[in-house]
Amino acid sequence: MRPLLIRGGRVIDPTQGLDAVLDLYLRDGAVAELGEGLAYEGAEVVDASGLVVAPGLIDVHVHLREPGGEHKETISSGARAAAAGGFTSIVAMPNTSPPIDSPASVGFVVAEGQRAGAARVYPSGCITVGQMGEQLTEFGELVHAGAVCVTDDGRPVSSAGVMRLALEYAQTFDLPVAVHAEELTLSRGGSMNEGIVATRLGLTGIPNAAEDVMIARDLMLAELTGGRLHVQHVSTRGGVELIREARARGVRVSAEASPHHFTLTDAAVELYRTDAKMNPPLRSEADRDAVRRGVADGTLDVIATDHAPHHYDEKEQAFEDAPNGIVGLETALGLSYTELVATGLIDLATLVERMSCAPARAMSIRGGTLKRGQPADVTLIDPNAEWTVDPRTFLSLSRNTPFRGRALRCRAVRTIVGGRTVWEAAP
Amino acid sequence: MAHPTAPSLGKDLLALEDLTGEQILSILDTAETFKEISVRPIKKVPALRNRTIVNAFFENSTRTRVSFEFAEKRMGADTVSISTTGSSVQKGETLVDTARNLEAMGVDMVVIRHSSSGSARFLAERIPSNVVNAGDGKHEHPTQGLLDLLTIRDHRGPIDKLKVCIVGDVLHSRVARSNIWGLRRLGAQVAVCGPRTLLPPAIEEMGVTVFRRVEEAIEWADVLNVLRLQLERMTGGFIPSLREYNRVFGVTRARIESAPRNVLVLHPGPMNRGVEIDSDVADGPQSVILQQVTNGVAVRMAVLYLLSGHAPETAEAAKRGGDA
Ligand SMILES: [Zn+2]
Numbered sequence: 033m034r035p036l037l038i039r040g041g042r043v044i045d046p047t048q049g050l051d052a053v054l055d056l057y058l059r060d061g062a063v064a065e066l067g068e069g070l071a072y073e074g075a076e077v078v079d080a081s082g083l084v085v086a087p088g089l090i091d092v093h094v095h096l097r098e099p100g101g102e103h104k105e106t107i108s109s110g111a112r113a114a115a116a117g118g119f120t121s122i123v124a125m126p127n128t129s130p131p132i133d134s135p136a137s138v139g140f141v142v143a144e145g146q147r148a149g150a151a152r153v154y155p156s157g158c159i160t161v162g163q164m165g166e167q168l169t170e171f172g173e174l175v176h177a178g179a180v181c182v183t184d185d186g187r188p189v190s191s192a193g194v195m196r197l198a199l200e201y202a203q204t205f206d207l208p209v210a211v212h213a214e215e216l217t218l219s220r221g222g223s224m225n226e227g228i229v230a231t232r233l234g235l236t237g238i239p240n241a242a243e244d245v246m247i248a249r250d251l252m253l254a255e256l257t258g259g260r261l262h263v264q265h266v267s268t269r270g271g272v273e274l275i276r277e278a279r280a281r282g283v284r285v286s287a288e289a290s291p292h293h294f295t296l297t298d299a300a301v302e303l304y305r306t307d308a309k310m311n312p313p314l315r316s317e318a319d320r321d322a323v324r325r326g327v328a329d330g331t332l333d334v335i336a337t338d339h340a341p342h343h344y345d346e347k348e349q350a351f352e353d354a355p356n357g358i359v360g361l362e363t364a365l366g367l368s369y370t371e372l373v374a375t376g377l378i379d380l381a382t383l384v385e386r387m388s389c390a391p392a393r394a395m396s397i398r399g400g401t402l403k404r405g406q407p408a409d410v411t412l413i414d415p416n417a418e419w420t421v422d423p424r425t426f427l428s429l430s431r432n433t434p435f436r437g438r439a440l441r442c443r444a445v446r447t448i449v450g451g452r453t454v455w456e457a458a459p
Numbered sequence: 046m047a048h049p050t051a052p053s054l055g056k057d058l059l060a061l062e063d064l065t066g067e068q069i070l071s072i073l074d075t076a077e078t079f080k081e082i083s084v085r086p087i088k089k090v091p092a093l094r095n096r097t098i099v100n101a102f103f104e105n106s107t108r109t110r111v112s113f114e115f116a117e118k119r120m121g122a123d124t125v126s127i128s129t130t131g132s133s134v135q136k137g138e139t140l141v142d143t144a145r146n147l148e149a150m151g152v153d154m155v156v157i158r159h160s161s162s163g164s165a166r167f168l169a170e171r172i173p174s175n176v177v178n179a180g181d182g183k184h185e186h187p188t189q190g191l192l193d194l195l196t197i198r199d200h201r202g203p204i205d206k207l208k209v210c211i212v213g214d215v216l217h218s219r220v221a222r223s224n225i226w227g228l229r230r231l232g233a234q235v236a237v238c239g240p241r242t243l244l245p246p247a248i249e250e251m252g253v254t255v256f257r258r259v260e261e262a263i264e265w266a267d268v269l270n271v272l273r274l275q276l277e278r279m280t281g282g283f284i285p286s287l288r289e290y291n292r293v294f295g296v297t298r299a300r301i302e303s304a305p306r307n308v309l310v311l312h313p314g315p316m317n318r319g320v321e322i323d324s325d326v327a328d329g330p331q332s333v334i335l336q337q338v339t340n341g342v343a344v345r346m347a348v349l350y351l352l353s354g355h356a357p358e359t360a361e362a363a364k365r366g367g368d369a
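Protein chains in written order, with the working numbering: chain E, 33 to 459; chain H, 46 to 369.
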């Protein structure tokens with residue numbers, strides 16, 4: 033592999049407090065040099081003037097649907113879609129069919145991810161066998177096979193006792209326990225946010241409390257056990273507040289905001305648009321604003337997509353019958369920039385922190401930094417690019433997005449994994 | 046009789062939320078014209094001759110289906126009725142495939158009843174035929190709302206002077222939502238009353254008052270629309286028991302008689318006598334429940350007539366047999 037010299041870009045690396053026009057030299061899959069006026073014989077030179085050079089973006093919440101849902105997405109198509117969105121690493125959720133709850137299935141995800149040769153694919157494993165919420169999986173074996181966290185995402189761990197054991201046992205491996213916070217007896221039958229829109233549409237709502245009570249419970253259990261808690265896709269103002277308070281008390285917690293939750297409200301469900309159906313649901317304006325503030329002040333330290341592909345005919349149903357979720361890999365950077373940076377809520381360095389550095393820390397995976405000797409995972413970003421979301425161009429196998437036709441600013445133009453360009457925008 | 050400046054209804058009738066007060070009045074006025082047809086010896090006009098109408102009922106409702114069928118036959122339409130009930134998974138498939146099949150067959154109008162909220166809109170967006178929502182999930186039942194409005198107007202005059210309270214299981218009721226929109230568009234004051242477990246969250250934001258106690262509601266109202274308690278839902282624990290419901294929220298003779306004015310009582314049927322309404326109220330002088338049924342046919346004739354492209358002004362001629 034030829035060494036790569038990325039010249040004259042605006043290098044933003046919050047782990048080194050860096051925001052300056054510099055050259056970046058990548059060799060043997062690692063960051064070799066960072067400085068001014070670099071020149072190396074035999075290197076492929078990339079002119080990055082006008083571009084941002086950032087540590088590769090990392091998405092810790094991606095559904096790849098393989099095994100069992102290959103018509104929606106495969107590990108390979110998902111990894112390529114990730115690269116096209118500027119992501120150099122993604123964490124695959126284990127709620128496939130069958131679920132990833134054994135070392136063999138974790139190994140399968142690792143192997144398929146490597147074969148894809150696009151973004152790095154890190155598996156997560158289930159917290160409980162078959163996601164049934166009862167028996168813990170073999171955390172040690174899963175970690176040995178390559179899992180970076182455990183989660184029953186798609187479902188909560190309803191038993192507080194089981195959740196306590198998971199947070200305690202995971203400490204043997206310093207393993208984060210990621211949670212989909214939902215109290216099922218409060219959300220039962222619900223297909224969108226509880227409120228006036230649901231009432232008008234005649235749909236059963238899911239109250240904020242269904243999420244808040246579980247976040248509160250899990251924060252208390254993390255406090256009790258000292259375990260590492262990662263709260264997925266926080267959508268409520270109450271949830272943001274609970275996490276803010278817990279972190280101030282020293283609870284070990286990281287938390288995600290999804291671009292759809294800081295961009296849309298439940299008004300997007302009007303006319304029964306199933307592309308706006310997701311769980312947790314799109315909430316009120318007050319919730320959306322709380323999620324934005326949570327991202328800005330770092331309470332929600334991680335931006336993650338919850339990329340959830342579905343085949344078109346599965347969404348083509350009456351609202352209550354349609355599955356939850358939207359695709360997110362290829363719109364995340366544009367939405368985050370347009371909604372958070374272009375509006376002045378956060379600066380570019382903070383965006384890089386939320387989409388690269390913090391996700392790497394939350395899952396203890398390599399990347400999220402351009403320090404010398406670290407993996408040569410780099411995303412070149414054009415912050416001034418203006419583009420319109422056209423799902424037909426997605427590399428994901430699925431097209432379910434409520435952002436069709438939305439004008440965005442900023443996009444990735446080159447994605448480099450281990451020093452190798454895995455995706456490049458058409459010139 | 047027809048409203049002179051009545052705007053057209055558009056392609057479909059999906060929800061009263063979509064209609065203006067003018068459009069609603071034009072339907073009511075047209076229905077008023079058509080009422081007379083139902084009491085003739087030969088109850089037929091050729092206004093919808095050569096039109097094909099499919100009644101697609103994916104959920105049981107003999108009452109509504111029969112009312113539509115009468116309306117269609119009295120207008121001279123060719124009709125087919127399909128009724129299916131299926132599991133939740135089959136439902137979605139059926140709907141998409143039904144839409145494609147209906148489109149392929151080139152039917153003029155479709156009347157749809159379905160257990161999923163939004164299903165009528167789903168169908169309407171996918172086929173060129175006129176679609177009439179005959180009840181979709183917990184969303185709306187616009188022709189029921191219209192026939193309630195017509196019945197109230199028959200007995201109490203202009204709607205805008207009235208206070209109407211909807212009593213009972215508002216949460217699961219499509220009738221309630223259609224009533225709220227229709228009544229509010231015509232300027233009535235609207236309230237709801239029932240146990241909080243059977244009132245939808247944020248219902249106040251639809252512009253209605255909430256009464257916690259049925260006695261207060263009856264004291265306030267000119268008209269009570271008593272909703273059916275959906276007994277099959279009560280296993281969910283929304284109320285402790287039917288007996289307690291009747292004691293606390295039942296529309297009883299004693300409560301009606303203690304009202305400061307003569308209250309008009311409606312019920313969309315079928316009734317649970319002795320639960321949400323007592324028999325001596327249902328059969329009493331305040332009750333207009335049977336007129337509701339009669340008006341249902343006239344309202345549906347009017348809706349089908351207007352959706353098929355006829356102007357409200359021509360209703361009088363159509364009634365006399367002219368194929369306007
Ligand atoms: Zn989830």
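Where is the CB? At the ideal position from N, CA and C, for every residue including glycine.
- Around phenylalanine 79(H), the same chain offers Ala343, Met346, Ala347 as residues with beta carbons nearer than 6 Å, after the five sequence neighbours per side are excluded.
- With a cut-off of 8 Å on Cβ pairs, the stretch 276 to 284 of chain E is in contact with the stretch 237 to 254 of chain E, counting three or more such pairs.
- The C-beta of glutamate 361(H) comes no closer than 8 Å to any C-beta of chain E.
- The closest heavy atom of ligand 1 lies less than 7 Å from the beta carbon of histidine 265(E).
- Residues of the stretch 162 to 192 of chain H that bring their beta carbon within less than 8 Å of a beta carbon in chain E comprise Ser162, Gly163, Ser164, Arg166, Phe167, Asp181, Gly182, Lys183, His184, Glu185, in sequence order.
- Listed along chain E, the residues sitting closer than 7 Å to alanine 247(H) by beta-carbon distance are Gly227, Ile228, Thr231.
- Pairing leucine 440(E) with leucine 367(E) gives a Cβ-Cβ distance under 8 Å.
- For glutamate 148(H), no CB of chain E lies under 8 Å from its own CB, so it is not counted at the interface with that chain.
- Per DSSP, the continuous alpha helix (DSSP H) segment holding threonine 231(E) begins and ends at 228 to 233.
- Put simply, the backbone Cα of leucine 61(H) is about 20 Å away from that of threonine 339(H).
- Placement of the Cβ of histidine 184(H) at a distance of 7 Å or more from every heavy atom of ligand 1 is found.
- In the DSSP assignment, arginine 345(H) falls within the unbroken alpha helix (DSSP H) covering 334 to 352.
- Shortest Cα-Cα distance from arginine 436(E) to any of Ser109(E), Arg59(E), Ala308(E) involves Ala308(E).
- Under the 8 Å Cβ criterion, the stretch 183 to 203 of chain H counts as touching the stretch 68 to 78 of chain H, having at least three qualifying pairs.
- At least one heavy atom of ligand 1 sits closer than 7 Å to the Cβ of glycine 186(E).
- Restricting attention to Asp379(E), Leu412(E), Gly186(E), the CA atom closest to the CA of methionine 310(E) is found in Gly186(E).
- For aspartate 244(E), the Cβ stays outside the 7 Å cut-off from all heavy atoms of ligand 1.
- Below the 8 Å Cβ cutoff, chain H contributes Ser162, Gly163, Arg166, Phe167 as neighbours of tyrosine 304(E), in chain order.
- Here arginine 196(E) is buried: its Cβ has 16 or more other Cβ atoms, across all protein chains shown, within 10 Å.
- Sorting Pro187(H), Lys88(H), Arg241(H) by C-alpha distance to the C-alpha of isoleucine 225(H) places Pro187(H) at the top.
- When the Cα atoms are used, serine 160(H) and methionine 251(H) turn out to be separated by approximately 23 Å.
- Against chain H, a Cβ distance below 7 Å from glutamine 48(E) picks out nothing, because the smallest value is about 49 Å.
- Contact check for leucine 233(E) and tyrosine 304(E): beta-carbon distance about 7 Å, within the 8 Å limit, so the pair qualifies.
- Runs of the beta strand (DSSP E) lying entirely within the stretch 61 to 137 of chain H, each at least 3 residues long, are 97 to 102, 123 to 128 in chain order.
- Bridge pairing for alanine 439(E): Thr420(E) [DSSP].
- Every unbroken stretch of the beta strand (DSSP E) spanning 3 or more residues and falling wholly within the stretch 179 to 267 of chain H is given here in chain order: 208 to 212, 234 to 238, 254 to 256.
- Counting of Cβ neighbours within 10 angstroms places proline 131(E) among the buried residues, the total reaching 16 or more.
- For glutamate 255(E), the uninterrupted alpha helix (DSSP H) run begins and ends at 240 to 257, by DSSP.
- Sorting Asp319(E), Ala287(E), Met246(E) by C-alpha distance to the C-alpha of threonine 297(E) places Asp319(E) at the top.
- Rounded to whole angstroms, alanine 363(H) and lysine 104(E) show a C-alpha spacing of 54 Å.
- If you check the CB distance, alanine 101(H) and isoleucine 69(H) do not come in under 8 Å.
- The C-beta of threonine 217(E) has fewer than 16 other C-beta atoms within 10 Å across all chains shown, which makes the residue exposed.
- For serine 106(H), the closest C-alpha among the options Ile98(H), Gln189(H), Glu261(H) is that of Gln189(H).
- Under the DSSP assignment, histidine 159(H) falls in the beta strand (DSSP E) whose first and last residues are 154 to 159.
- Of the heavy atoms belonging to ligand 1, none sits nearer than 7 Å to the Cβ of aspartate 250(E).
- The beta carbon of aspartate 338(E) sits closer than 7 Å to at least one heavy atom of ligand 1.
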